[in-house]
Structures are given as C-alpha cells and as structure tokens.
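Everything in the sequence shown is counted per the numbering used here, starting at 577 for the first residue and increasing by one.
Glycine included, each C-beta is placed from N, C-alpha and C at the ideal position.
Written out below as structure tokens is the structure these notes cover.
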Amino acid sequence: MRLIAFALIALATTGALAQELEPARVPVDRDAIDAAWSQAYQDHLDSGNPIPFTPPTIADIPDTEFGEMVRDGMQAFNNPAIYARDYVGNQLACSNCHLDSGRRPFAAPMWGAYPVYPKFRSKNHQVNTMEMRVQGCFRYSMNGTPPPADSNLMKSYMAYFAWLSQGAPIGIRPKGASFYKLDDPLETASIERGAEAYEQYCQTCHQSDGQGIKHTGRPGYQFPPLWGPNSYNWGAGMHSPSKAAAFIKRNMPFGLMNVLTDQQAWDIAYFMNSHERPQDPRFKGDIQETRAKFHKGKHNLYGVEVNGQVLGEAAY
Ligand code: HEC
Ligand code: HEC
Numbered sequence: 577m578r579l580i581a582f583a584l585i586a587l588a589t590t591g592a593l594a595q596e597l598e599p600a601r602v603p604v605d606r607d608a609i610d611a612a613w614s615q616a617y618q619d620h621l622d623s624g625n626p627i628p629f630t631p632p633t634i635a636d637i638p639d640t641e642f643g644e645m646v647r648d649g650m651q652a653f654n655n656p657a658i659y660a661r662d663y664v665g666n667q668l669a670c671s672n673c674h675l676d677s678g679r680r681p682f683a684a685p686m687w688g689a690y691p692v693y694p695k696f697r698s699k700n701h702q703v704n705t706m707e708m709r710v711q712g713c714f715r716y717s718m719n720g721t722p723p724p725a726d727s728n729l730m731k732s733y734m735a736y737f738a739w740l741s742q743g744a745p746i747g748i749r750p751k752g753a754s755f756y757k758l759d760d761p762l763e764t765a766s767i768e769r770g771a772e773a774y775e776q777y778c779q780t781c782h783q784s785d786g787q788g789i790k791h792t793g794r795p796g797y798q799f800p801p802l803w804g805p806n807s808y809n810w811g812a813g814m815h816s817p818s819k820a821a822a823f824i825k826r827n828m829p830f831g832l833m834n835v836l837t838d839q840q841a842w843d844i845a846y847f848m849n850s851h852e853r854p855q856d857p858r859f860k861g862d863i864q865e866t867r868a869k870f871h872k873g874k875h876n877l878y879g880v881e882v883n884g885q886v887l888g889e890a891a892y
C-alpha cells in the first residue's frame with residue numbers, strides 16, 4: 577500500500593508528467609495515502625522517538641448519548657460546509673488543515689490543543705477558551721461568523737475534542753501538538769523560487785491558479801484552494817508564511833512527509849501567501865494601520881508590495 581501511494585504521489589508531483597495529465601484526473605487515491613501515512617506513523621512509533629500520545633480511533637466512539645454528540649462534532653469538523661453552514665464563509669473543512677479529522681500530529685491536532693485551554697494568547701491579549709479558539713478559526717480560516725459558545729454546534733465540537741483527548745496529560749502540549757518547528761530560512765525566502773517549486777510539488781492537486789478542485793455532488797473540496805476569494809482570509813494563521821511553511825514542510829505534498837527542504841517550504845509558503853485572499857476582518861480602512869496592529873512579523877506579507885501591488889489592497 578505504501579509503495580502504491582508513493583508511486584501515485586510521485587506521479588502527481590513529477591513536473592513533466594503532471595503537465596501531460598488532465599489535472600482533475602490525476603489518480604490520487606485518498607485511502608492509499610491514508611494507509612501510507614498510517615505505515616509512516618507506525619514506523620515513527622517504532623523509531624524509539626515516538627509521539628507519546630495516540631488518540632482513540634473512531635471505532636471506539638461509544639454508542640451512548642455522549643458518543644452521539646462526539647460523532648456530530650466529528651461530522652461538523654470534517655464537513656462544516658454542510659453541518660455548520662450558517663457560520664462558514666468558504667467551503668474549507670477544519671480537517672483540510674487539521675488533518676485526519678484533527679488527529680494527525682504536527683497538523684495542529686485537537687488532542688494537542690484541548691488540554692492547554694484556557695490559555696493566554698498575544699494575538700488578542702486575553703485568556704482564550706477552546707471555544708474562542710474555534711470561533712477564531714471560523715472568523716479567519718473559514719472566513720465566516722463565529723458560532724455562539726453555548727450553541728449545540730460548539731457543544732459537539734467540545735465533546736469531540738474532549739473525547740479525542742482522553743488520556744492526554746492536562747496543561748502541557750504533548751509532542752506532535754501544533755506544527756512542526758521550523759527554523760528561519762538560511763537564505764531569504766524567494767517568491768520566484770517558490771513559484772517554481774509550487775509548479776513541481778503542488779500544482780497537480782491545488783491547480784495552477786491555486787483554486788483547487790471541488791467535490792462533485794457535495795460541498796467542499798477534494799483539493800482545497802490556497803488563495804483567492806474562496807480561501808482562508810488575511811487574518812488566518814495559515815496566511816503567515818512561518819506557520820504555512822511549518823505546515824507545508826511536514827504535511828505537503830499530501831501523503832508525504834519531509835520531502836521538501838526547509839528552504840523550499842519557506843519559498844513555497846511565501847509564494848502561496850503572496851496572492852490576494854479575503855480581507856482581514858479586523859481591517860478598518862487602512863492597510864498600513866492594520867499591518868502595524870496585526871501583521872508586524874518579519875515574515876508577514878500583508879501590506880508588503882509584491883510585483884507593484886500592495887498585498888491586502890485588492891483583498892476580496
Ligand atoms: C486554512 C486552514 C485552517 C482551517 C480551515 C481551520 N483551521 Fe484551525 N487552525 C489553523 C492554524 C494555522 C492554527 C494555528 C495553529 C498553531 O499556531 O499551532 C489553527 C488553530 C486552531 C485551534 C487551536 C489549536 C492549538 O493547537 O492551539 C483550534 C481549536 C482550531 N484551529 C479549530 C478549528 C476548527 C474547529 C476549524 C473548522 C471550523 C478550523 N480550525 C479550521 C488553520 C486552520
Ligand atoms: C496529492 C495531492 C496534493 C499535493 C501534491 C499537495 N496537496 Fe496540499 N492538500 C491536499 C489535500 C487533499 C488537502 C486537504 C487534506 C484533507 O482534507 O485531508 C491539502 C491541504 C493543503 C493546505 C491546507 C488547506 C488550505 O486550503 O489552505 C495547504 C496550505 C496545502 N495543502 C498546501 C500545499 C502545498 C504548498 C503543496 C506543495 C508543496 C501541496 N499542498 C501539495 C492535496 C495535495
């Protein structure tokens with residue numbers, strides 16, 4: 577299985593071949609990729625340096641009223657465009673970024689988050705609950721409206737996260753929580769180099785215009801968009817090249833781990849986030865003021881001029 581998936585990915589990412597194939601027909605087998613990842617995960621567990629916590633499997637969800645709520649939460653996590661449709665502004669799924677239904681280590685798994693909230697965050701200078709964190713992802717990553725903290729939807733997310741986290745230590749982030757830690761790039765990140773690497777490693781699935789490929793017959797994406805009007809907005813965590821590089825390095829191309837060099841991950845993250853996307857909802861009419869308040873980081877491209885265009889000025 578593992579070999580098959582690697583062959584598929586190799587196919588999908590070999591530049592020359594990819595160009596000959598109709599992108600939508602590239603035979604990406606999600607089951608094979610998941611199987612390959614499970615194998616890689618097993619290898620990792622066997623490596624003597626394992627991730628100390630493994631969440632329960634979906635088959636373990638109890639047949640109780642609580643289990644029912646856990647299942648609702650999982651559904652709304654994997655298909656918010658259906659189960660949380662009143663609150664979403666795009667058709668991304670939480671699980672497009674929090675991979676494997678929020679289980680996969682180094683893709684900000686929910687079992688790595690739940691045990692450390694409530695927690696102070698400098699992003700909004702206050703103590704945040706887990707509910708506030710979910711509301712944040714609705715506002716920025718989903719470009720939508722936060723669901724109320726006491727809604728059934730929120731209750732179902734919390735039930736799912738609590739269930740996933742059972743047995744995890746409280747108050748610490750286990751290894752595998754959040755993202756892979758990536759050092760600053762050795763060379764200044766380059767949007768031009770990133771564009772070339774994107775063509776080679778990402779384009780077959782996410783497309784040359786970055787708009788991905790939708791599911792047929794249901795909302796959501798087979799390959800989610802990386803920029804443009806249907807992507808996460810300028811306030812989302814993923815818009816920051818340092819977060820994006822850390823995500824990409826470990827998790828993309830999908831199904832493979834650590835194929836890209838750190839430099840490539842940085843270059844691609846810069847390229848990806850040098851395109852317009854929906855406006856930061858905290859924007860009050862002045863790009864530079866918004867940058868000064870919320871986008872000061874040295875790798876942050878909001879308000880920076882790229883190819884004669886100040887990013888954020890033509891936001892959707
Ligand atoms: C476009 C990608 C993306 C989507 C879609 C997305 N998130 Fe996130 N989410 C992030 C990023 C990036 C972070 C920040 C992770 C970090 O800094 O470690 C994050 C953080 C979080 C956290 C805090 C994690 C932690 O370790 O502290 C929670 C909880 C969360 N998201 C829930 C959700 C939920 C629920 C949804 C769907 C309604 C969702 N996210 C959709 C990218 C996304
Ligand atoms: C084999 C197909 C494939 C390739 C190649 C691939 N991706 Fe992805 N990517 C996916 C899929 C599928 C998801 C959503 C995962 C899920 O829902 O389980 C995803 C999710 C993402 C996300 C988070 C969701 C979003 O829309 O923002 C980012 C960012 C991303 N990919 C960037 C990249 C980059 C950069 C590359 C090239 C280094 C790349 N991907 C290569 C299939 C692919």
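(request) Just the C-alpha distance for ARG749 and ALA669, rounded to the nearest angstrom, thanks. (result) 24 Å
(request) Compute the minimum distance between the beta carbon of HIS851 and the heavy atoms of ligand 2, and state whether it is under 7 Å. (result) no
(message) Three or more C-beta pairs under 8 Å: does that hold for the stretch 638-648 against the stretch 699-717?
(response) no
(request) Check whether the Cβ atoms of SER807 and GLY873 lie closer than 8 Å to each other. (result) no
(request) Report the partner residues of GLU881 according to the DSSP bridge assignment. (result) VAL886
(message) Between the alpha carbons of ALA890 and GLU852, how many angstroms are there, rounded?
(response) 7 Å
(message) Suppose contacts are defined by Cβ-Cβ distances below 8 Å. Is GLY796 in contact with GLN667 by that definition?
(response) yes
(message) Cutting at 6 Å between CB atoms, please list the residues of its own chain near PRO723, excluding the five before and the five after it.
(response) TYR663, LEU729 and MET730
(message) Quick check on DSSP: helix, strand or coil for LEU675?
(response) helix
(request) Identify which residue in PHE823, GLN885, GLY804 and GLN840 has its Cα closest to the Cα of GLN855. (result) GLY804
(message) On a Cα-Cα basis, can you pick out the residue from GLN711, LEU740, PHE737 and ALA738 that is closest to ASP726?
(response) GLN711
(message) I need the boundaries of the alpha helix (DSSP H) containing LYS869, first residue and last residue.
(response) 863-870
(message) Taking 8 Å as the threshold (C-beta atoms), are TYR690 and PHE737 in contact?
(response) yes
(request) List the whole-angstrom C-beta distance separating ASN827 from ALA683, where the pair is believed to meet the contact cut-off of C-beta under 8 Å. (result) 5 Å
(request) Would you mind reading off the limits of the beta strand (DSSP E) that contains ASN704? (result) 702-704
(message) Could you compute how far the alpha carbon of GLY884 sits from the alpha carbon of PHE629?
(response) 48 Å
(request) Measure from the alpha carbon of PRO656 to the alpha carbon of each residue in THR866, SER677, ASP639 and PRO638, then state which is nearest. (result) SER677
(request) Could you give the DSSP three-state label for GLN779: helix, strand or coil? (result) helix
(message) Would MET734 and GLU707 qualify as a contact pair, given that the criterion is a beta-carbon distance under 8 Å?
(response) yes
(message) Using DSSP's beta-bridge definition, name the partner residues of PHE755.
(response) ALA683
(message) Beta-carbon within less than 7 Å of GLU598's beta-carbon, same chain only, minus the 5 sequence neighbours each way: which residues are those?
(response) Unreliable positioning characterises GLU598 in this predicted model, as indicated by a pLDDT of 37, which lies under 50. The coordinate reading is nonetheless provided below. Hits under 7 Å: none found.
(message) Any heavy atom of ligand 1 closer than 7 Å to the beta-carbon of ASN719?
(response) no
(message) Does ILE634 pass the burial test, meaning 16 or more other C-beta atoms within 10 Å, or should it be called exposed?
(response) exposed
(request) Have a look at PHE847 and TYR774 and give me their C-alpha separation to the nearest angstrom. (result) 8 Å
(message) Considering only heavy atoms of ligand 2, does any lie closer than 7 Å to the CB of PRO817?
(response) no
(message) What would DSSP say about PRO722, mapped onto helix, strand or coil?
(response) coil
(request) Under 6 Å Cβ to Cβ from TRP687, same chain only, skipping five residues before and after it: list those, please. (result) PRO631, LEU740, SER741 and ALA744
(message) DSSP three-state label for TYR538, please.
(response) Residue numbering for the chain in the displayed model covers 577 to 892; residue 538 lies beyond these limits and cannot be assessed.
(message) I'd like the list of long-range same chain contacts for ALA660, defined as Cβ closer than 6 Å, with 5 residues on each side in sequence excluded.
(response) ALA652 and LEU729
(message) Quick check on ARG769: does DSSP put it in helix, strand or coil?
(response) helix
(message) Within 10 Å of its beta-carbon, does GLY747 have 16 or more other beta-carbons around it, so buried, or fewer, so exposed?
(response) exposed
(request) Please go through the same chain and pick out, in chain order, the residues whose beta-carbon is closer than 8 Å to the beta-carbon of ARG601, but skip the five residues on each side of it. (result) The pLDDT assigned to ARG601 is 38, lower than 50, so where the model puts this residue is not dependable; a value taken from the coordinates is nonetheless given after this. Cβ within range, chain order: n/a, list empty.
(request) Over the uninterrupted beta strand (DSSP E) stretch that includes TYR797, give me the two end residues. (result) 797-799
(request) Name, in chain order, the residues that DSSP records as bridge partners for ARG697. (result) GLN702
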